[in-house]
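Engineer: Chains as they are written, first to last, in the working numbering: chain A, 105 to 468; chain B, 105 to 468; chain C, 105 to 468; chain D, 105 to 468.
Have a look at this one before I ask anything.
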């Protein structure tokens, strides 16, 4: 279940209608999942900021590095120009460059792209080498195209799907998670949505409750299921933040840093071997960038009005991480098994701590 | 009381003997407090990395900016050279430059400094303009000298003292707080100590428990005491991290970022108007830097061995912040009153959440 | 003489009417110079972006660090918020904090500033400790006020004046220099103006000609004048770039980096001990920032239209540095003498290299 | 010819025996060139820091972004950990990801790499889309392997070879260039070597002489040859700096910035569309990093001893760029022709300016 559906409420702000990054109008999410027996559990997830030609109508954007032990493609051009000109892709570590190449191939074949001779794909990754035979690098251009084209604009699949097929978080099966927050009209009425690919470690903390103390050791739990224990590698997390608030690249950079606040609250200290990145963009129509204009009109939320956006980003990131765990299933993989997070002890711990709300299924 | 003395335990690692930044051998702390009726509540706090001549034996250092709405003096030279050549000072916002000037004056008068014509004082600040008449800028060179010379190497005064005399955190009286962690011998046996000057806002969360929900609104509480309510300004925090682990400037920069993890867990999102800074240094003797050598040693903890240091930094920062609140007294100030954090509802909330340990006074 | 008046032409673009930073409409320059016998040669220079209340109408701004061995005050807030809220001040190293404090004092006393309790002065410095008794820190609040209030909006005094009174560049007397460039209407018709405080070393190169080879060794030259030779310290340079082009902070950051291009061409490699900083701001009226609005305009020149602004910045910086040398007089100072750059061998070398234009006094 | 062989001497320091990056002991250079009629002119160049297993003996490293309009792969991990764990590859823009993927494939197949599941290839690029059909992305894994394995340790092929096969600089045929500097023993006796892939624009300046004024317009020159004129795109440059000086990552970052000084002196302002990057590494044996140790021994050149290394980097970069032009041949390519730089007017201009030394072929 999604966290909120079983009474786990993160923070105090209200989610949007889907409690997903797709609550930011125009944002589409595509997943392509590759599972083959126990050997392969990997995939691609695409975050498409708007339905138009991204290369002709670029979104203001920023990328923040929490801990840079990762292979993220495309960062320097985003930092220099403050914009993203392609969909964003997530995948497994050793597929980063193959996925980037396939995305470029597909993008260059789109209408209107006939004369493009430079393009900057943004591809993030986390390491799915425990559940998947990562050295095989099995992803195909067809799967990349599938992620880029079969988009959801409402509910988003979470857990062991797409780029989350083979990831492990806190010793349990992690993956894709999403959440959103809608600001009060007096705070601008903006929406912030977050999507994560969770694959990191730490002491799992949910809504402030150190549930890790109430959980079996993932390795022992795996053994009790007669399966090899999960890796203790310290993993990584990709976080993507979308908003319809008009923000320039400088303020998006500030916004992105607040995803790290949400990450910290789940029990991560961004360990040495973790690649923890935040990619943030604004879909506000008035700020879309035509590469050929010589003066860019733009507006940006300023000063104190940024703080509610910061809070929304922290809350939505924290909840997206929890959703990535709550929605994942046990996966028997290439080098062992990652069990689904056992919800009963988690919910019991939350209840004991007074941190469980009466379950209120999130209607639409 | 200190948090740990009443059963509030942050994290899982063990503190050092004083549970203070002074557990890092050689680090001394000096406070000078200026209180005058209700009008002035300000001061200076000095963090002195070692007892020698700092200018001749510099400590590897790094400074990280969480949110840069502050006036920190000295940052670019620290970032360029990776070292600090003076004691670190904390004070109130509008006294930053006066304190820096007084420190330079004092430093240039010390033995061996007769020919020094360039020096880089590091001075941080938070805004004590609610409890103190900040525009008066009343600090004197004598007070700066007092902070630099009357040093404690064991227990450290906390709360409304020194640079914490006039600060407000989460609507309650904040100030100076400190804590430390000692790593297992298998993790290197290093010590990490943190000292903070708390003056920021958010939703006060202690050991994961949203105690803010159990507390009166600080403004209403103030009114119930027949005093003007505290400012709702979003304030700032200075965090100073010391360690005896041999770390080069690059790894100190990584360490410093983990103080922001601890900050996030107390309920801060680093709001727009906050100046949130971390200054980290290593006292490892083999890495002290003589400005005149042409090749210097740069041993550093590496790779996975960094992660326990990251955890120690996050935990000690979180506990230092809690201590800054637990140890502060109610202050009737220039523009109103900041009440001491009411401990009973806080401890009750922690107890209800199962987050209170049996009180075990921290012996020495 | 100014370089251009004796035929030294840097680059290919046209200067504005004053060939000075004041060609950017609204920018005013104030100097306060303190000379006392040979002992003191120091001062303050103010760059005032516009005549209004800077705190209420902030300019988008950026600061870039070429080599950070300096004490620049105010950088982190400028980087976080992308704006400057006070005039910019330049001075001698050990006066940085005293000047900042005096500026804050004066600013807080201005009309409309009665309730301001936080302000971020931007103060840069270079080390005038060879010609001036720098440890005396003799600057007074009255001199700071003078620099802030006696402003020139046309011709700017250069050489050994204001913050340039005691600086040394390439072994010769340096100081304040300025220059500007006006873009073709087809490139936007914008103006870029630069002011520098030169105090650095290297192999003096003018318009590409290694004139250092044709010059006497400054130390020997000093001895031939029966005076102590100049310091060989490697100094620093402050560069301030103003433009009326509408630029957001991100593009100002890019613009500022191009001042380092001009610096490189004069023979500097930004030596280890140099504090080389660029402060850039835009005066475009539509982008002035009211701290109280919640959404602010952020128009900015974009894409390829930036390149001519980059060229203008590089050229104007290079020429401003040359002007700082050409306009300085020999100064007999505290620890020795810095001779004015001997123009005859310089101009001869330029002439031999074919790099001297027919002198065309720059009329207005 | 190489620049120095015809009397073009940049700066005042002495080159190493090969005046190439290979003068840094252990550094090998491999080129794979793909030419097919006029349609394809592209390739790969490998810079291999040492002959051992790079993944097990990592080199301290830093990457600096001059202007980030490029697709450089691998930067964030280098910046986080301060080390490079693979050879460095250069290629054409749209081949970046294919080359990275092929390199990963090859590296994972090497002895001792059987269990590696995470690796960070560093791949830089410039855009060869004028002379080569860049959208075809024709490079094969075999060519990448060739570049990685057929290494030169002495003389280095320059000009239109490897990753320089299809690049254009200042409107003329650019490509690969290299140079080195050897420091005096009193300055440490270290060597600095630079290799560039030139593909950028500006006003070509050699040894300070604005030779662009004496050259035909490249477009008109092409037309006079009855060939289509070169692109006016503003291109990019990759600069790789190697040294045997013991430098930690922080000082390598400072060193890398000085390559931009050399770049500036050739007439570049780092235009808006340029991807200008510097990758620097140290081969000092005592600093090689074993990923499994928990404390890294290291030493680093410090303080004033850095300045000669800065000068060496600036000089070698400037000369490497000139060599890339002097050694390139006219190439008739996919969309037009890039002519070899006409040397006669260049040398005439240098001679007139007194900037030509008596030719002294650089013996070995």
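We put the CB at the ideal spot given by N, CA and C, even for glycine.
In whole angstroms, give me the CA-to-CA distance for residue 467/B and residue 461/B.
Structural biologist: With a pLDDT of 44 at residue 467/B, under the threshold of 50, the modelled position of that residue is not reliable, and no figure is offered here.
Engineer: Rounded to a whole number of angstroms, what is the C-alpha to C-alpha distance between residue 377/D and residue 197/D?
Structural biologist: 13 Å
Engineer: Which runs of the alpha helix (DSSP H) at least 4 residues long sit entirely within the stretch 130-205 of chain B? Give them in chain order.
Structural biologist: 179-185
Engineer: Fully enclosed by the stretch 223-278 of chain B, which beta strand (DSSP E) runs are 3 residues long or longer?
Structural biologist: 226-230
Engineer: The beta strand (DSSP E) spanning residue 343/C covers which residue range?
Structural biologist: 339-347
Engineer: Cα-Cα, which of 110/C, 444/C, 112/C is closest to residue 279/C?
Structural biologist: 444/C
Engineer: Residue 370/B lies in the beta strand (DSSP E); which residues open and close that run?
Structural biologist: Run containing residue 370/B: none; DSSP gives neither H nor E here.
Engineer: For residue 391/A, go through chain D and note every residue whose CB falls closer than 8 Å to its CB, in chain order.
Structural biologist: Within 8 Å Cβ-Cβ: nothing; residue 391/A doesn't reach chain D, min ~19 Å.
Engineer: Over what stretch of residues does the alpha helix (DSSP H) that includes residue 421/A continue unbroken?
Structural biologist: 410-430
Engineer: Quick check on residue 411/A - is its C-beta less than 8 Å from some C-beta in chain B?
Structural biologist: yes
Engineer: Do you know how far the Cα of residue 157/A is from the Cα of residue 394/A?
Structural biologist: Residue 394/A and residue 157/A: Cα-Cα distance of roughly 10 Å.
Engineer: So, are the CB atoms of residue 441/C and residue 351/C less than 8 Å apart?
Structural biologist: Against a cut-off of 8 Å, the Cβ pair of residue 351/C and residue 441/C comes out as no contact.
Engineer: Answer yes or no: does any C-beta atom of chain C fall closer than 8 Å to that of residue 303/D?
Structural biologist: no
Engineer: Taking the CB atoms as reference points, tell me whether residue 340/B and residue 380/B lie closer together than 8 Å.
Structural biologist: yes
Engineer: I'd like to know if residue 178/C contacts chain A, where contact means its C-beta is closer than 8 Å to some C-beta of that chain.
Structural biologist: no
Engineer: With a cut-off of 8 Å on the beta carbons, I'd call residue 230/A and residue 271/A a contact; round off their distance for me.
Structural biologist: Residue 271/A and residue 230/A do touch by the CB rule: their CB atoms are close to 6 Å apart, below 8 Å.
Engineer: Using beta carbons (cut-off 8 Å, strictly below), is residue 386/B in contact with chain D?
Structural biologist: no
Engineer: Go through its chain and collect everything with a Cβ distance to residue 162/C's Cβ below 6 Å, but skip five positions before and after it.
Structural biologist: 187, 189, 393
Engineer: Could you work out which residues of chain C lie near residue 403/A, taking near to mean beta carbons separated by less than 8 Å?
Structural biologist: In chain order, 399, 400, 401, 402 make up the part of chain C whose C-beta sits under 8 Å from the C-beta of residue 403/A.
Engineer: Please go through the same chain and pick out, in chain order, the residues whose beta-carbon is closer than 6 Å to the beta-carbon of residue 453/B, but skip the five residues on each side of it.
Structural biologist: 313, 315, 318
Engineer: Tell me residue 295/B's beta-bridge partners as DSSP assigns them.
Structural biologist: 286/B
Engineer: At 9 Å on the CB atoms, spell out the chain D contacts of residue 352/B, in chain order.
Structural biologist: 186, 352, 353, 354, 400, 402, 404
Engineer: What's the gap between the Cα of residue 430/A and the Cα of residue 206/D?
Structural biologist: 37 Å
Engineer: If you follow the beta strand (DSSP E) that residue 380/A is in, where does it begin and where does it stop?
Structural biologist: 379-386
Engineer: Does the stretch 356-370 of chain C come close enough to the stretch 129-149 of chain C that 3 or more CB-CB pairs lie under 8 Å?
Structural biologist: no
Engineer: In whole angstroms, give me the CA-to-CA distance for residue 110/C and residue 388/C.
Structural biologist: 33 Å
Engineer: CB-CB under 7 Å to residue 220/C, same chain, minus the five flanking residues each way: which ones, in chain order?
Structural biologist: Shown here for residue 220/C: same chain residues with a beta carbon closer than 7 Å to its own, the five before and five after excluded, namely 159, 212 in chain order.
Engineer: Let's test the definition: count the other Cβ atoms within 10 Å of the Cβ of residue 285/C and tell me whether it reaches 16, buried, or not, exposed.
Structural biologist: buried
Engineer: Pull out every residue of the stretch 144-160 of chain B whose Cβ sits closer than 9 Å to any Cβ of chain A, in chain order.
Structural biologist: Within the stretch 144-160 of chain B, no residue qualifies.
Engineer: Suppose the cutoff is 7 Å on Cβ atoms and the five residues either side in sequence are ignored; what does the same chain contact list for residue 424/B look like?
Structural biologist: 281, 282, 283, 298, 299, 300
Engineer: Would residue 293/C count as contacting chain A if we go by Cβ distances under 8 Å?
Structural biologist: no
Engineer: If I measure Cβ to Cβ from residue 265/D and keep anything under 6 Å in the same chain, skipping five residues before and after, which residues do I get?
Structural biologist: Its chain contains 135, 137, 280 as the residues whose beta carbon lies nearer than 6 Å to that of residue 265/D, once the 5 sequence neighbours on both sides are disregarded; these appear in chain order.
Engineer: Output yes if chain B places a C-beta closer than 8 Å to the C-beta of residue 198/C; else output no.
Structural biologist: yes
Engineer: Which stretch, first to last residue, makes up the alpha helix (DSSP H) that contains residue 403/D?
Structural biologist: Note, residue 403/D: premise wrong, no alpha helix (DSSP H); beta strand (DSSP E) at 403-405.
Engineer: Using a beta-carbon distance below 8 Å, is residue 346/A in contact with chain D?
Structural biologist: Not closer than 8 Å to any Cβ of chain D, the Cβ of residue 346/A fails to qualify, so no.
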